[in-house]
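Numbering of the sequence shown is given in the working numbering, commencing with residue 20 and proceeding in unit increments. No residue lacks a Cβ here, since even glycine has one placed at the ideal position from N, Cα and C. Being a predicted model, the structure only gives us computed values, none of them experimental.
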Amino acid sequence: GNHVGGLWGKCAYDWLFVDLLAVPEEYRGENHGKALMERAEEIARANDCVGMWLDTFEFQARGFYEKLGFQVIREEDIDIGNGFYMNDFVMEKKLTG
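See below:
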């Protein structure tokens, strides 16, 4: 099949850090993002990572990650200038078993 998205991450310090998950809007809702995250989890487990970590903004995909078992561990407001802030969520999923 065709590539319709991608995930960029790295294993370091016993964690897999997801830097970027991208699926074009016209392909969302078709489980491509879920498949990418499941593959990332497989890679994390194969590298003996204890968990996965990422951050996302409120307007992005917090609910998507929560459905995959991620939990918010820190919340912060990011100053984006001109008196505007974006709510950022740091999330993790511990891998056991």
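Start and end of the alpha helix (DSSP H) containing phenylalanine 83?
81 to 86
Does the Cβ-Cβ distance between lysine 112 and glycine 70 come in under 9 Å?
yes
Give me, in chain order, the residues of the same chain whose beta-carbon lies closer than 6 Å to that of valine 91; leave out the 5 immediate sequence neighbours on both sides.
Phe108, Met110
Given this structure, state the Cα-to-Cα distance separating methionine 56 from tyrosine 104, to the nearest angstrom.
28 Å
Going by beta carbon distance, what residues of the same chain come within less than 8 Å of alanine 59, once the five residues before and after it are set aside?
Leu26, Gly28, Leu35, Val37, Met71
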